[in-house]
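Enquirer: Starting off with a structure, shown below.
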Amino acid sequence: MKVKRIVSEERMLLPELRDTLLSVEAARLESEEEMSYELRKSIEHANQLSKTSSEKARALVDELVKLEKMKEEIAYRIANLMPRTRDELRAIYAKERFNLTTEELDEILDLVMTHF
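Taking this note's numbering, the leading residue of the sequence shown gets 1, the next gets one more, and so forth.
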């Protein structure tokens with residue numbers, strides 16, 4: 001399949017993607033259409049990696065974006081990965097030109113734990 005052009009592009013959280021894929025799966029099962037291998041694997045992947053609900057993930061992104069050294073891209077990455085340790089969080093910030101203090105890391109981890 002060739003893609004001729006991209007109509008629109010937006011960031012999506014993994015739990016939101018899971019919900020979308022599950023609705024596609026339900027529609028396919030209802031109409032008795034066969035699901036492709038790629039669709040089945042995508043659903044399986046999203047189910048395994050989603051660690052929270054889409055509402056909690058969206059609320060986490062909204063709170064993270066309010067922090068001082070937080071870019072929207074990083075907030076989405078944190079909400080998708082849901083890091084539990086400082087080292088996991090530092091790995092997310094590895095490409096950035098600045099380092100976070102221990103207090104800033106703990107503040108982010110506290111937000112993540114409240115939305116888990």
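Yeah, the Cβ is synthetic: ideal placement off N, Cα and C, and Gly gets one too.
Count the other CB atoms, across all protein chains shown, that sit within 10 Å of the CB of E16; report buried if there are 16 or more and exposed otherwise.
Expert: buried
Enquirer: Buried or exposed for S50, please, with buried defined as at least 16 other CB atoms from any protein chain shown within 10 angstroms of its CB.
Expert: The residue in question, S50, is buried, as its Cβ has 16 or more Cβ neighbours within 10 Å.
Enquirer: Work out the CA separation of V7 and T85 for me, nearest whole Å.
Expert: Going from the Cα of T85 to the Cα of V7 covers about 38 Å.
Enquirer: Among the residues of its own chain, which have a CB less than 7 Å from the CB of S53, if the five just before and after it don't count?
Expert: P15
Enquirer: So L105 is in the alpha helix (DSSP H); what residue range does that whole segment cover?
Expert: Element bounds for L105: 102-114.
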